[in-house]
Amino acid sequence: METRKRGRGLGANREGGRGNQNKYQKNESNFNRGRGGRVGLEENTLAILDTSSSASFHHLLDDRLAFLDAVRSASLVPENDNPPTKKMFVAVFQILKDESSLDLIIASYQLLFELNKRYPWVYLPKMEKSESSTPSKVHCGLIVAEEAWSPFGCNERDEATDTSGGSINPLAFHSLMQDIAKGATEERRNTIEIKSLQNMLLFQYLVNVLEGDLFPRIHAFKESLNWILLRECILNKILGSRKLSYKDLIKDCMSLIGDLSCDKTKITCDQKGKRTSLAELQKDCHGPLELALPEVEKNTCLALKKLLQMIMELDSSRNIADMTGLITRADGARIPAAEIILNELSYSSDLLFSFFLLFDEPEWKLKTIVQYFQKYIPKSSIRTRRSNGSSSDATFDGILKCFSNENSAKGIIKKMRPDVTQLLLAHGFQAFLSLSSKHSVEDASDSKQDVRGSSIMEICENVVSAFACFRKEDKQFTFSPFSREALFTAASVLSTGARS
1 METRKRGRGL GANREGGRGN QNKYQKNESN FNRGRGGRVG LEENTLAILD
51 TSSSASFHHL LDDRLAFLDA VRSASLVPEN DNPPTKKMFV AVFQILKDES
101 SLDLIIASYQ LLFELNKRYP WVYLPKMEKS ESSTPSKVHC GLIVAEEAWS
151 PFGCNERDEA TDTSGGSINP LAFHSLMQDI AKGATEERRN TIEIKSLQNM
201 LLFQYLVNVL EGDLFPRIHA FKESLNWILL RECILNKILG SRKLSYKDLI
251 KDCMSLIGDL SCDKTKITCD QKGKRTSLAE LQKDCHGPLE LALPEVEKNT
301 CLALKKLLQM IMELDSSRNI ADMTGLITRA DGARIPAAEI ILNELSYSSD
351 LLFSFFLLFD EPEWKLKTIV QYFQKYIPKS SIRTRRSNGS SSDATFDGIL
401 KCFSNENSAK GIIKKMRPDV TQLLLAHGFQ AFLSLSSKHS VEDASDSKQD
451 VRGSSIMEIC ENVVSAFACF RKEDKQFTFS PFSREALFTA ASVLSTGARS
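The opening residue of the sequence shown carries number 1 in full-length UniProt numbering; numbering runs sequentially from there.
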């Protein structure tokens, strides 16, 4: 497995950190002596942080950077394959969470990501895993490290305690998202603070932890149908917390996607317009922040998308467990995230545009678009709870066929607004083509119901017919560039098929 370059190394001659580094080097031989080596590893690396409170800021900074280098060298360099202890993980995490130095925040963030990749605490047997990890036990083909550390505290005792000790409870996780939203508002006022960037990096790391814990469990659940595997996952515990408003969490996630999806890709000048060049930005005290911010915001948007996808994946697995009688009262009741997302999209067209630009995974994108259209199609076509089969409009092809009826098409466009309708038709067609090229109709599993029923040629014909409805209502109607691209693609496919 690839690891990052060692960097400064343990023997670096760093001002202010020599005493602690010599103390660390003196006992370096303890690192590779089984469990005793892990104790020595912990004692010697944490000793680097044991600095006098009267030390200067630069000395403290150097010692913390030396500590991060020591952990990297001891745990990520192949010849020193020792997983960090819980106390070491907590110390690295607290640097990410509490320090105010940009160097420390970035270094701790990168180190935690690499450690999670090297030493996963939940994994499948076929996954690559270091032999030096903590003791593990097997649950239905899923391997769980018994002594692994997690940044989350999701039991009742953890939720009642302060989070300064290193753990994040469900309420603190939600508060972190709200703090990021507040920071995004401050950025729009040209006030850039390091805390905003720190919160976004912390959120990205926490989502990465949730992902590493959830997806191996989902894979094992699909093979074993053992709901306990998912009941015990961190994300399920967060969403099931009695102190957390699950619905507000989803709403804030959607709102934050809208806030961060504004055009922030260009480095803006300050209010006086003095900083215009890269060199000037680098000289300014806020220059590094302004340079890093667009990429961090982009990755935070991707983390928000990933969080929503994980919640919907968990909802999907929960629905399977419910149909097989595995859900009990202890699991509680929860509104599917897809319903909350659809309601939020219905209230804000601006959010709708941002959401579908970001939400590019074709399967979930097509499902969301089909469900959105179903809110506005004629009532007679909507499936009732008593219907045993799936209705014809539960697929993208079914939605397109609703536009073949002039009155039905007119009603849909009027209720949804022309700009929203053309956007969803174009995005739906794009997602359908992606799914069709990725899977055949026979081989597709979860995406099968979204692409079944018609050939690509028929879908293209229906797409062209659906877009023609706009001109029937308004001969001066102007299509967006994205809609024109979808129309051109559909016409090209039909033209190629006609020639062949």
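Cβ coordinates follow ideal geometry from the N, Cα and C atoms, glycine included. Bear in mind the structure is a predicted one, so any value in this text is a computation, not a measurement.
Bounding residues of the alpha helix (DSSP H) (the contiguous stretch that carries residue i)
i, result
"residue 504", "Lying outside 1 to 500, the shown extent of the chain, residue 504 is not represented and no answer is given."
"A337", "A337 to Y347"
"A91", "K86 to D98"
"W364", "P362 to Q374"
"D248", "Y246 to L260"
"D50", "No alpha helix (DSSP H) contains D50, which DSSP labels as neither H nor E."
"Q110", "L102 to R118"
"I234", "I234 to L239"
"P78", "P78 -> no alpha helix (DSSP H), and no H or E assigned at all."
"N208", "I194 to S224"
"L230", "I228 to R231"
Among the options, nearest to residue i - alpha-carbon criterion
i, options, result
"D179", "D252, A148 and C402", "D252"
"S349", "L424, Q476 and L307", "L424"
"S245", "T300, P170 and F221", "P170"
"P151", "F479, I194, G141 and L202", "L202"
"K195", "K367, K87 and L104", "L104"
"K367", "T85, A486, G398 and K237", "G398"
"D50", "K365, S73 and A91", "A91"
"L76", "L112, R64 and K87", "L112"
"H427", "L235, S317 and L357", "L357"
"L304", "Q422, G332, S354 and E458", "S354"
"G240", "K182, D315 and C301", "D315"
"L249", "L308, E193 and C402", "L308"
"residue 506", "F477, L142 and L487", "In this structure the chain extends from 1 to 500, so residue 506 is not present and cannot be described."
"residue 506", "C233, W227 and K365", "As shown, the chain starts at 1 and ends at 500. That puts residue 506 outside it, with no answer to give."
"F432", "A491, K365, S408 and K375", "K365"
"Q430", "V209, R471, V420 and D360", "D360"
"T85", "I48, E114, E147 and S56", "E147"
"L260", "P216, T185, V463 and S495", "T185"
"F482", "M254, T421 and Q204", "T421"
"E114", "F89, F467, A409 and A333", "F89"
Element boundaries [beta strand (DSSP E), containing residue i]
i, result
"L142", "L142 to A145"
Integer-rounded CB distance, given that residue j should sit under 8 Å from residue i
i, j, result
"I413", "S436", "Incorrect: roughly 26 Å between the Cβ atoms, too far for contact."
"L351", "G258", "4 Å"
"L230", "S100", "Not confirmed; about 38 Å, so no contact."
"L235", "M310", "6 Å"
"R471", "F477", "6 Å"
Near the ligand HEM: residue i beta-carbon under 7 Å from a heavy atom
i, result
"K182", "The ligand HEM is not part of the structure shown, which contains no ligands of any sort."
Legend entry - Segment contact, 8 Å Cβ cut-off, at least three pairs: the stretch 317-329 with the stretch 287-304: As far as the Cβ criterion goes, the stretch 317-329 does not touch the stretch 287-304, which means the pair count is below three.
Inset, instruction - Please confirm if the stretch 341-360 is in contact with the stretch 293-300, defined as three or more CB-CB distances below 8 Å between the two stretches. - result: no
Inset, instruction - Ignoring anything shorter than 3 residues or poking outside the stretch 394-423, list the beta strand (DSSP E) runs there in chain order. - result: none
Legend entry - Contact between the stretch 169-176 and the stretch 62-70 (3+ Cβ pairs under 8 Å): no
Legend entry - Contact between the stretch 55-65 and the stretch 117-125 (3+ Cβ pairs under 8 Å): Counting Cβ pairs under 8 Å, fewer than three are found: no touch.
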